[in-house]
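Q: Quick one: structure below, then a few questions.
In this note's numbering, the protein residues as written are 315 to 483.
Right, dumping it as structure tokens:
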């Protein structure tokens with residue numbers, strides 16, 4: 315039985331000290347990018363809303379409460395969209411209706427599909443949001459870090475709304 319021997323052609327320069335340091339440097343540069351894969355789960359507080367296109371183009375700081383909560387597979391949001399006048403004494407039915415009309419509330423399930431959040435709204439303050447033709451509702455994740463979330467949606471008229479949040483936890 316004849317034994318075969320593999321001949322070495324000398325040292326390969328691929329892993330010589332200089333390329334090794336380059337590979338290590340590149341790895342260290344890309345680690346922060348890989349670390350940006352933060353979980354979306356948590357409590358988020360709205361900080362700003364930006365509109366691109368349309369009549370209301372611009373950025374406004376959010377002064378009314380906007381709370382967005384994600385758990386594993388479930389979400390809930392409550393946005394107060396208008397300034398409420400403080401009621402003195404007992405609120406009338408009209409004052410209560412006006413206050414509720416300004417709320418944007420929804421809860422249900424969600425899935426992350428690439429950079430998209432796919433919402434299925436099971437409960438909403440606006441029953442039209444629950445209709446089959448309005449499901450699912452998608453938002454694009456523009457930024458997700460340990461402390462910041464930014465999502466956007468573009469309507470049929472081409473107007474893009476960007477919502478910015480900070481993590482509350």
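C-beta: ideal position from N, C-alpha, C; glycine also.
1. Might you give, ordered along the chain, the residues of its own chain that have their beta carbon closer than 8 Å to the beta carbon of residue 356, omitting 5 neighbours on each side?
2. Can you give me the Cβ contacts of residue 371 inside the same chain, cut-off strictly under 6 Å, excluding the 5 residues immediately before and after it?
3. Can you give the Cα-Cα distance for residue 406 and residue 352, rounded to whole angstroms?
4. Give every residue of the same chain whose Cβ lies closer than 7 Å to the Cβ of residue 342, excluding the five residues on either side of it in the sequence, and list them in chain order.
5. Return the residue from the list 465, 414, 374 that minimises the CA-CA distance to residue 439.
6. My parser needs the beta strand (DSSP E) runs of 3 or more residues fully inside the stretch 350 to 381; what are they?
7. Go ahead and pull the three-state DSSP assignment for residue 414.
8. Is it buried or exposed, residue 347, if we count other Cβ atoms within 10 angstroms and call 16 or more buried?
9. For my contact list, residue 461 and residue 363 are in at a C-beta cut-off of 8 Å; report their separation, rounded to the angstrom.
10. For residue 393, count the other beta carbons within 10 Å of its own beta carbon; 16 or more makes it buried, fewer makes it exposed. Which is it?
11. Report the option in 403, 410, 465 whose CA atom is closest to the CA atom of residue 432.
12. Is the beta carbon of residue 416 closer than 8 Å to that of residue 434?
13. Please state the DSSP three-state secondary structure of residue 346.
14. Quick check on the burial criterion: 16 or more other C-beta atoms within 10 angstroms. Buried or exposed for residue 389?
15. Which residues mark the beginning and the end of the beta strand (DSSP E) in which residue 473 is found?
16. Using DSSP's beta-bridge definition, name the partner residues of residue 421.
17. Looking at the secondary structure, which residues open and close the beta strand (DSSP E) in which residue 445 lies?
A: Quick look at the numbers:
1. Only 383, 384, 481, 482, 483 meet the Cβ criterion.
2. Contacts found: 365.
3. Going from the Cα of residue 406 to the Cα of residue 352 covers about 45 Å.
4. Low local confidence applies: a pLDDT of 48 at residue 342 is under 50, so the model's placement there is unreliable, and no value is given.
5. Closest in C-alpha terms to residue 439, from the list 465, 414, 374, comes 414.
6. DSSP runs (the beta strand (DSSP E)) wholly in the stretch 350 to 381: 356 to 366, 372 to 375.
7. Looking at residue 414 - three-state DSSP - the assignment turns out to be helix.
8. Annotation note: pLDDT 41 at residue 347 (below 50); position unreliable, coordinate value reported separately. A residue is called buried once 16 or more other Cβ atoms fall within 10 Å of its Cβ, and residue 347, having fewer, is exposed.
9. Not quite, the Cβ-Cβ distance comes to about 18 Å (not below 8 Å), so this is no contact.
10. Result: buried.
11. Of 403, 410, 465, the residue nearest in Cα terms is 465.
12. Pairing residue 434 with residue 416 gives a Cβ-Cβ distance that is not under 8 Å.
13. Annotation note: pLDDT 41 at residue 346 (below 50); position unreliable, no value reported.
14. Classification for residue 389: buried.
15. Careful: residue 473 lies outside any beta strand (DSSP E) and carries neither H nor E.
16. For residue 421, which the question treats as bridged, DSSP gives the partners 390, 437.
17. Element bounds for residue 445: n/a, residue is neither H nor E.
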